[in-house]
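J.: In terms of this note's numbering, the sequence shown opens at residue 1 and continues consecutively. The beta carbon of each residue, even a glycine, is placed where N, CA and C say it ideally should be.
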Amino acid sequence: MTSLTFYGGVNEIGGNKILLEDKGTKIFLDFGKGFSRREKYFEEYLKPRSSNGILDLLTMGLIPDIEGVYRDDLMEKAGKKLVAPDIDAVLLTHAHADHVDYISFLHEKIPIHMGSTCHMLLQAIQDRSSSDFEREVLEYKQVHSKRGDPKIQRKIKTFRSGKKFKIGSLEIHPIHVDHSIPGAYGFIIYTSEGPVVYTGDIRLHGMKPQMTEEFVREAKAAKPVALLCEGTRITEEPTNESEERVYNESSKLVSSTNKLIFADFNFKDIDRVRTFYEVAKESGRKLVVKIRDCHYLKHLSKDPNLMVPNYDDENVVIYKPKYRSGTYANSDYVGDDSYFASLPNALTATEIAAKPDKYLCALGYFQFTSLIDIKPAKGTPYIHSASEPYNEEQVLSQDRVNNWLEFFDMQKYQIHCSGHAKGEDLFQVVKDIDAEMLYPIHTEHPTEYVKATRNITIVEEGKQYKL
Ligand SMILES: [Zn+2]
Ligand SMILES: [Zn+2]
1 MTSLTFYGGV NEIGGNKILL EDKGTKIFLD FGKGFSRREK YFEEYLKPRS SNGILDLLTM
61 GLIPDIEGVY RDDLMEKAGK KLVAPDIDAV LLTHAHADHV DYISFLHEKI PIHMGSTCHM
121 LLQAIQDRSS SDFEREVLEY KQVHSKRGDP KIQRKIKTFR SGKKFKIGSL EIHPIHVDHS
181 IPGAYGFIIY TSEGPVVYTG DIRLHGMKPQ MTEEFVREAK AAKPVALLCE GTRITEEPTN
241 ESEERVYNES SKLVSSTNKL IFADFNFKDI DRVRTFYEVA KESGRKLVVK IRDCHYLKHL
301 SKDPNLMVPN YDDENVVIYK PKYRSGTYAN SDYVGDDSYF ASLPNALTAT EIAAKPDKYL
361 CALGYFQFTS LIDIKPAKGT PYIHSASEPY NEEQVLSQDR VNNWLEFFDM QKYQIHCSGH
421 AKGEDLFQVV KDIDAEMLYP IHTEHPTEYV KATRNITIVE EGKQYKL
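1) Contact between the stretch 224 to 232 and the stretch 428 to 438: three or more CB pairs below 8 Å?
2) With a floor of 3 residues, list each beta strand (DSSP E) that falls wholly inside the stretch 387 to 425, ordered by position along the chain.
3) Taking Cβ to Cβ, would you say Ile112 is nearer than 9 Å to Val90?
4) Give me whichever residues DSSP pairs with Pro174 in a beta bridge.
5) Does the distance between the C-beta of Gly14 and the nearest non-hydrogen atom of ligand 1 fall short of 8 Å?
6) Please determine if the stretch 24 to 32 and the stretch 90 to 107 are in contact, where contact requires at least 3 C-beta pairs separated by less than 8 Å.
7) Pick out every residue whose C-beta is nearer than 5 Å to a heavy atom of ligand 2: which are they, in chain order?
8) Is the Cβ-Cβ distance between Glu241 and Cys417 less than 9 Å?
9) Would the beta-carbon of His442 be found less than 8 Å away from any heavy atom of ligand 1?
10) Please report the distance separating the alpha-carbon of Asp172 from that of Lys358.
11) Exposed or buried, what is Ser331 when buried is set at 16 or more other beta-carbons lying within 10 Å of its beta-carbon?
12) Suppose you measure from the CA of Glu363 to the CA of Ala263; what does that come to, to the nearest Å?
13) Give the single residue among Pro85, Thr191 and Ser130 whose Cα lies nearest to the Cα of Ser169.
14) Tell me whether Arg49 is buried or exposed, calling it buried when 16 or more other Cβ atoms sit within 10 Å of its Cβ.
15) Helix, strand or coil for Tyr339 per DSSP?
16) Can you find a heavy atom of ligand 1 that lies under 8 Å from the Cβ of Thr232?
17) Run the proximity test for Gly24: is its beta-carbon closer than 8 Å to any non-hydrogen atom belonging to ligand 1?
18) By the three-class DSSP mapping on this structure, what secondary structure does Val316 have?
19) What is the rounded straight-line gap between the Cα of Val457 and the Cα of Gly200?
20) Would Val288 and Ile383 be called neighbours here (beta carbons separated by less than 9 Å)?
21) Measuring straight from C-alpha to C-alpha, what distance separates Lys286 and Glu406?
22) Go ahead and label Tyr296 buried or exposed: buried means 16 or more other beta carbons lie within 10 angstroms of its beta carbon, across all protein chains shown.
23) Take Pro446 and list the residues in its own chain whose beta-carbon comes closer than 6 Å to its own, dropping the five residues that flank it on each side.
24) Enumerate, from N- to C-terminal direction, the unbroken beta strand (DSSP E) stretches of 3 or more residues contained entirely within the stretch 23 to 101.
25) Any heavy atom of ligand 1 closer than 8 Å to the beta-carbon of His99?
26) Give the straight-line distance between the Cα atoms of Asp434 and Lys466, rounded to the nearest whole angstrom.
27) With a cut-off of 8 Å on the beta carbons, I'd call Leu138 and Ile181 a contact; round off their distance for me.
28) Tell me whether Lys77 is buried or exposed, calling it buried when 16 or more other Cβ atoms sit within 10 Å of its Cβ.
29) In angstroms with no decimal places, state the Cα-to-Cα distance between Asp312 and Leu4.
30) Can you tell me whether DSSP reads Lys427 as helix, strand or coil?
31) Assess contact between the stretch 291 to 311 and the stretch 231 to 249, defined as three or more Cβ pairs (one per stretch) separated by less than 8 Å. Is contact present?
32) Give the straight-line distance between the Cα atoms of Arg324 and Leu74, rounded to the nearest whole angstrom.
Structure, rendered in structure tokens:
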């Protein structure tokens, strides 16, 4: 028997956790964190407790209550009976938290398959973040471990686009897709009942639409029995957004002023990093990055295909934050921070403020205290290069962004290109692939897809669908 059970990504954007069973083989497609469902009960200072193992997460419905899946230490703490792992693998589409983060709770014997670029990104994310119970993907600390105890390493298996591999009765064909993070893949999975296609997150208006087009072409040729398609922006009308437009509009703005420029964007979006790096360079400015983001540049500059500069690039400056003593003393910086802060291209707020026309600061919302030290001139541009807020919490922080900008008399510009395809593009993908059955996921509006096909199953969470 072959079946699909959806434990996340149902009527919500992200949090995908899809169980595919085929004869004796069981795999999960992604195991992400569902932000909207987490926000219903938790926030920054109200978190699931590690002291309760997975009990808080299970009770509040953040992860499914199924056996043979979770870490022994977390099961024990939760007062649950220990069962040997009963999942053959997880197939990961990409390194966004809503697809990867809750792998943190899975048993370490379950192998995680991911693209090699995705692996590199997860290493960078791990290096730059402080330890977090809800983000221990590549390695984790047992809840009862003492200081100095080694971390438990997960079994990571990497793949490359186009190279098929087997897991039990399944043959997996990973194919790269274009999304707002490098190392993103879709899958064609050959089961005993026919091919199952999973898009992950996709777009067709980005820098490499040909990658998504190749995936769609291969998926169509496979004549799939099932298509699991994302629908984040299914209700949105077409616009002419593109990374090129982000580049052109930002470039025009930057070359029209001698003031300092602030750009707020997600550093995992490497296309965007490259865009602002190029915009800075062509206007005779240097890109100012946070110490934390040096970890990304360190890892990702190793891959020549990504074309990102390293942290010591001649057009990159590291923002040296004011820590403990408030005097930029060497002893204020510990670990990797002390290395990055000691580099000749690490500059303080005063040094940056002295030459406003020489820098483009990739310093966003979480570095707004830097404005107090930099004291930007009236009318200093702030480019918001991320999606518009879509939930209450984001609206609140957006209000706070506006308060800061108003306080410093800064000028806000919205210049962005999304990581997700819009309605028309998604309908076309579904029509092109033409699967026997469509299962819309990663969307709040699954029924919109009736505009593209009649062969549609509106998914119910936790229900098993036989293929
Ligand atoms: Zn997603
Ligand atoms: Zn994503």
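T.: Result, derived from the coordinates:
1) Three or more beta-carbon pairs drawn from the stretch 224 to 232 and the stretch 428 to 438 are found closer than 8 Å, and the two stretches are therefore classed as touching.
2) 411 to 414
3) In the sequence shown, counting from the first residue as 1, residue 112 sits at position 112. In the sequence shown, counting from the first residue as 1, residue 90 sits at position 90. Contact flag set, yes.
4) As a working mapping, residue 174 is identified with position 174 in the sequence shown. According to DSSP, Pro174 bridges with Phe187.
5) Taking the sequence shown and counting its residues from 1, the one referred to as residue 14 is at position 14. Under cutoff, so the answer is yes.
6) yes
7) His96 and Asp201
8) Residue 241 sits at position 241 when you count from the first residue of the sequence shown. Residue 417 sits at position 417 when you count from the first residue of the sequence shown. The answer is yes: Cβ separation under 9 Å.
9) Your numbering for residue 442 matches position 442 in the sequence shown. Short note on His442: C-beta closer than 8 Å to some heavy atom of ligand 1.
10) Taking the first residue of the sequence shown as position 1, residue 172 is located at position 172. Taking the first residue of the sequence shown as position 1, residue 358 is located at position 358. Before going further, note that residue 172 is Ile rather than Asp in the sequence given. Straight-line Cα distance between these residues: approximately 49 Å.
11) Sequence index remark: in the sequence shown, residue 331 carries index 331 (1-based). Exposed.
12) Walking along the sequence shown from the start, residue 363 turns up at place 363. Walking along the sequence shown from the start, residue 263 turns up at place 263. Reading the sequence as shown, one finds Leu at residue 363 and not Glu. Rounded to whole angstroms, Leu363 to Ala263 spans 6 Å at the Cα level.
13) One-based indexing of the sequence shown puts residue 169 at position 169. Selected option, being the one with the closest Cα: Thr191.
14) As a working note, residue 49 is residue 49 in the sequence shown. By the neighbour-count rule (16 or more Cβ atoms within 10 Å), Arg49 is not buried but exposed.
15) Counted from its first residue, the sequence shown places residue 339 at position 339. Of the three classes helix, strand and coil, the one that applies to Tyr339 here is helix, per DSSP.
16) Position 232 of the sequence shown, counted from the first residue, corresponds to residue 232. Yes.
17) In the sequence shown, the residue the question calls residue 24 occupies position 24. Flag unset: Cβ of Gly24 not near ligand 1.
18) Residue mapping note: residue 316 aligns to position 316 of the sequence shown, counting from 1. Correct three-state label for Val316: strand.
19) Start at 1 with the first residue of the sequence shown, and residue 457 comes out as number 457. Start at 1 with the first residue of the sequence shown, and residue 200 comes out as number 200. The amino acid occupying residue 457 in the given sequence is Thr; Val does not appear at that position. Thr457 and Gly200: Cα-Cα distance of roughly 18 Å.
20) Against the sequence shown, residue 288 aligns to sequence position 288. Against the sequence shown, residue 383 aligns to sequence position 383. Going by C-beta atoms, Val288 is not nearer than 9 Å to Ile383.
21) Residue 286 sits at position 286 when you count from the first residue of the sequence shown. Residue 406 sits at position 406 when you count from the first residue of the sequence shown. If you take the alpha carbons of Lys286 and Glu406, they lie about 26 Å apart.
22) Residue numbering aside, residue 296 sits at position 296 when the sequence shown is read from its first letter. When all chains shown are included, Tyr296 counts as buried.
23) Position 446 of the sequence shown holds residue 446. Result list for Pro446: Pro440 and Ile458, in chain order.
24) Fully enclosed beta strand (DSSP E) runs of 3 or longer: 25 to 29 and 89 to 91.
25) Looking up residue 99 in the sequence shown gives position 99. Checking the Cβ of His99 against ligand 1 gives yes.
26) The residue you call residue 434 lines up with position 434 of the sequence shown. The residue you call residue 466 lines up with position 466 of the sequence shown. Put simply, the backbone Cα of Asp434 is about 19 Å away from that of Lys466.
27) The count along the sequence shown starts at 1 and reaches residue 138 at position 138. The count along the sequence shown starts at 1 and reaches residue 181 at position 181. Rounded to whole angstroms, the Cβ separation of Leu138 and Ile181 is 16 Å, and the two are not in contact under 8 Å.
28) Start at 1 with the first residue of the sequence shown, and residue 77 comes out as number 77. Burial call: buried.
29) Counting from 1 along the sequence shown, the entry for residue 312 is found at position 312. Counting from 1 along the sequence shown, the entry for residue 4 is found at position 4. Distance between the alpha carbons of Asp312 and Leu4: 48 Å.
30) In the sequence shown, the residue the question calls residue 427 occupies position 427. According to the sequence as given, residue 427 is Phe; it is not Lys. DSSP places Phe427 in helix when its eight states are reduced to three.
31) no
32) Residue numbering aside, residue 324 sits at position 324 when the sequence shown is read from its first letter. Residue numbering aside, residue 74 sits at position 74 when the sequence shown is read from its first letter. One C-alpha to the other measures close to 36 Å.
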